[in-house]
Amino acid sequence: MTFSKRTKTNKANAVTVYTRVTEHPDVFHVESGLLFCNYCDLTVEWRHKSTVDSHCLEKKHLAQKKIYEDNQSKKNQKTLETTLLAADSKREVIEELIKAFASANIPIEKINHLLPFYKKYLKEGGAIPQAPTLRQLYLPSVFKNHAETLLSIFNSKPVCIIMDELSDDCACSVVNTLFTYRQDTKLVSVDFLKRVNNTTIGQTLLPILHSYNISLNIPRLFLTDSAAYMKKCFREVLKPVMPQLIHVPCPAHILNLIGREYEEESQNEMIKTIHTTLQNLRDVGVITIYIYFISIYANEFVQYLDFFQQQNKPVFPFVEGRLQQLTAFIESNTTAPYFGPEIENIIRQHLFNPDDFYPIFRQAFQVAYNKFSAHIPNHPARSLFYACQVFNPQYIHLGDIQRKDIRHYSAIMELDNPSDSLLCEWSIYCGLTGLEFNENLDETNLDNYWKNLSVRLPILSNIALDYIWLPISSCAVERSFSLYNSLLDSNRQSLSEESLKQLNILYFN
Numbered sequence: 001m002t003f004s005k006r007t008k009t010n011k012a013n014a015v016t017v018y019t020r021v022t023e024h025p026d027v028f029h030v031e032s033g034l035l036f037c038n039y040c041d042l043t044v045e046w047r048h049k050s051t052v053d054s055h056c057l058e059k060k061h062l063a064q065k066k067i068y069e070d071n072q073s074k075k076n077q078k079t080l081e082t083t084l085l086a087a088d089s090k091r092e093v094i095e096e097l098i099k100a101f102a103s104a105n106i107p108i109e110k111i112n113h114l115l116p117f118y119k120k121y122l123k124e125g126g127a128i129p130q131a132p133t134l135r136q137l138y139l140p141s142v143f144k145n146h147a148e149t150l151l152s153i154f155n156s157k158p159v160c161i162i163m164d165e166l167s168d169d170c171a172c173s174v175v176n177t178l179f180t181y182r183q184d185t186k187l188v189s190v191d192f193l194k195r196v197n198n199t200t201i202g203q204t205l206l207p208i209l210h211s212y213n214i215s216l217n218i219p220r221l222f223l224t225d226s227a228a229y230m231k232k233c234f235r236e237v238l239k240p241v242m243p244q245l246i247h248v249p250c251p252a253h254i255l256n257l258i259g260r261e262y263e264e265e266s267q268n269e270m271i272k273t274i275h276t277t278l279q280n281l282r283d284v285g286v287i288t289i290y291i292y293f294i295s296i297y298a299n300e301f302v303q304y305l306d307f308f309q310q311q312n313k314p315v316f317p318f319v320e321g322r323l324q325q326l327t328a329f330i331e332s333n334t335t336a337p338y339f340g341p342e343i344e345n346i347i348r349q350h351l352f353n354p355d356d357f358y359p360i361f362r363q364a365f366q367v368a369y370n371k372f373s374a375h376i377p378n379h380p381a382r383s384l385f386y387a388c389q390v391f392n393p394q395y396i397h398l399g400d401i402q403r404k405d406i407r408h409y410s411a412i413m414e415l416d417n418p419s420d421s422l423l424c425e426w427s428i429y430c431g432l433t434g435l436e437f438n439e440n441l442d443e444t445n446l447d448n449y450w451k452n453l454s455v456r457l458p459i460l461s462n463i464a465l466d467y468i469w470l471p472i473s474s475c476a477v478e479r480s481f482s483l484y485n486s487l488l489d490s491n492r493q494s495l496s497e498e499s500l501k502q503l504n505i506l507y508f509n
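Residue numbers (the UniProt record's numbering): 1 to 509.
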């Protein structure tokens, strides 16, 4: 009996206030040797376990516990929401920063130089990461949103396609593809090819069309330079599956070829005479005469070149007229007996005979005409150039009666087999008087002219708006390559092909 009593006494002595805290985790805490209930904010006698257990089962205690837990849950939720909002806000700021750099054409690498400034003068500026982190963690999200915007613009639309290839400074073949629809011209794909030929160009384009839900029977034009592989791609790969597609070798590129032909012409004796004379520094007068001739007549070519390099303007109905003017200008000067009083006066001021120079001038135009004739009269889109004049009301109303015959414009597929409703609208269009259109109509107001007719001539105006905005130049793709090259710097190896694609598209668009 003595041993039993001693055991019971030792067990009782082993119980402390902290024993009750251990028995009821998170319910009690000890303060100045007293047991406090966390929920009820009062002391509880701790020496008898039954007293503590009884308190924990009281209704008042359970009610206070529930109130506490509910409040704690709301607090935790609010903290989580605040954290998530802060994270979302940070991501939004960084993504907007990437967009701003792209819009300003500032390489992302430049941000590394701005980080000390951000950290010093901007609240939480130190949270902005360096360029590699921007590319890896944030650029894909920015590009994904941009790709969705591009899809909304070109989804299932009768786009025109612009393609070209560049061998970059790293000996990599890059193919850029642009879509244009009415006022929008956007870079939609950047592809790196091991080999560039007619087959690989076609294999690159077709999946891009599919990704934009563009059926093969609706693209209108295929704009490229005059490279042989592009012509072969159109002829052997694209035309069989897209019979409505028209190839448009860029007229601006053709005009540049004419200038290059003149520079490279070395077999012609007349051209040799020019080069020999220019190399003879003794004859300053001859040099002056040739420079004066070039300054006058090159200006004409520059004006035509500027016209054909225009982008995002409704100039397509005016192309045929400009080509006819350019043809007449070049052709007439191949046989011109006289080149104007200004040049004649310059020649005579330097004590030369004009008749000694005129054959050389005519030969210069003959070289240009030979190259021009090889490309323009049989240009694949020439019939479409002619037909689209119909969307310039001046052409219809200021010309002869034959111009009002819709059958003359069958190169426009919508006018080839017109519905009765379209024929009715055509009749109204041809019957409009001069008072109903501005005789000074040009590319600056042609779009508004057709939009104003959208209620009166809904079918014809919709067709017209599609065709007047057709692109005439592939120069936009050259600009995309210029931006691409600006992305290639000494840090080129750190840029993956995927980053290059995304950055090139973002920066161009």
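Every residue, glycine too, gets a C-beta built ideally from N, C-alpha and C.
Just the Cα atoms here: how many angstroms apart are residue i and residue j?
i: phenylalanine 101; j: lysine 501; result: 16 Å
i: leucine 166; j: leucine 255; result: 20 Å
i: alanine 387; j: alanine 411; result: 6 Å
i: residue 528; j: isoleucine 94; result: Residue 528 lies beyond the stretch modelled for the chain, which goes from 1 to 509, so this question has no answer here.
i: aspartate 191; j: isoleucine 162; result: 14 Å
i: isoleucine 346; j: phenylalanine 361; result: 14 Å
i: threonine 288; j: leucine 206; result: 54 Å
i: histidine 210; j: threonine 185; result: 18 Å
i: glycine 33; j: glutamate 92; result: 53 Å
i: asparagine 504; j: asparagine 112; result: 20 Å
i: cysteine 424; j: serine 474; result: 36 Å
i: asparagine 417; j: proline 251; result: 29 Å
i: isoleucine 208; j: serine 152; result: 15 Å
i: leucine 495; j: glutamate 236; result: 36 Å
How would you write the range of the beta strand (DSSP E) that residue i sits in, first residue to last?
i: lysine 186; result: 184–193
i: valine 367; result: Run containing valine 367: none in the beta strand (DSSP E); it sits in the alpha helix (DSSP H), 354–375.
i: leucine 223; result: 221–224
i: cysteine 40; result: From DSSP, cysteine 40 is part of no beta strand (DSSP E); its letter is neither H nor E.
Quick one: what does DSSP say residue i is sitting in, helix, strand or coil?
i: aspartate 400; result: coil
i: leucine 460; result: helix
i: valine 93; result: helix
i: cysteine 250; result: coil
i: phenylalanine 28; result: strand
i: cysteine 172; result: coil
i: aspartate 164; result: strand
i: tyrosine 338; result: coil
i: leucine 495; result: coil
i: threonine 16; result: coil
i: leucine 423; result: helix
i: tyrosine 181; result: strand
i: tyrosine 121; result: helix
i: glutamate 45; result: coil
i: valine 21; result: helix
i: isoleucine 153; result: helix
i: serine 480; result: helix
i: methionine 230; result: helix
i: lysine 239; result: coil
i: aspartate 442; result: coil
i: proline 393; result: helix
i: serine 473; result: coil
i: lysine 313; result: coil
i: aspartate 405; result: coil
i: proline 132; result: helix
For residue i, which option in the options has the closest C-alpha, if you only look at C-alpha atoms?
i: glutamate 478; options: Asp168, Asp400, Glu498; result: Asp168
i: asparagine 312; options: Tyr304, Leu216, Ile291, Tyr467; result: Tyr467
i: proline 314; options: Phe385, Glu300, Pro359, Pro249; result: Phe385
i: methionine 242; options: Ser226, Ser215, Ile258; result: Ser215
i: serine 383; options: Pro317, Ala131, Leu422, Pro25; result: Pro317
i: glycine 202; options: Glu31, Lys232, Tyr181; result: Lys232
i: glutamate 320; options: Asn378, Ala374, His397; result: Asn378
Assign residue i to one of two classes, buried (16 or more other C-beta atoms within 10 Å of its C-beta) or exposed (fewer than that).
i: lysine 123; result: exposed
i: threonine 16; result: exposed
i: leucine 238; result: buried
i: methionine 413; result: exposed
i: leucine 446; result: buried
i: glutamine 267; result: Here glutamine 267 scores only 49 on pLDDT, less than 50, and its place in the model should not be relied on; the value that follows carries that caveat. Exposed.
i: leucine 62; result: exposed
i: arginine 6; result: Note on arginine 6: pLDDT 47, under 50, position unreliable in the model; the coordinate value appears next. Looking at its Cβ environment, which holds fewer than 16 other Cβ atoms inside 10 Å, arginine 6 is exposed.
i: threonine 133; result: exposed
i: arginine 220; result: buried
i: isoleucine 463; result: buried
i: histidine 48; result: exposed
For the alpha helix (DSSP H) holding residue i, just list the boundary residues, first then last.
i: valine 52; result: 49–57
i: histidine 210; result: 198–211
i: arginine 322; result: 319–333
i: tyrosine 386; result: 382–387
I'd like to know whether the C-beta of residue i is nearer than 8 Å to at least one C-beta of chain E.
i: valine 52; result: No chain E is present in this structure, which holds just one protein chain.
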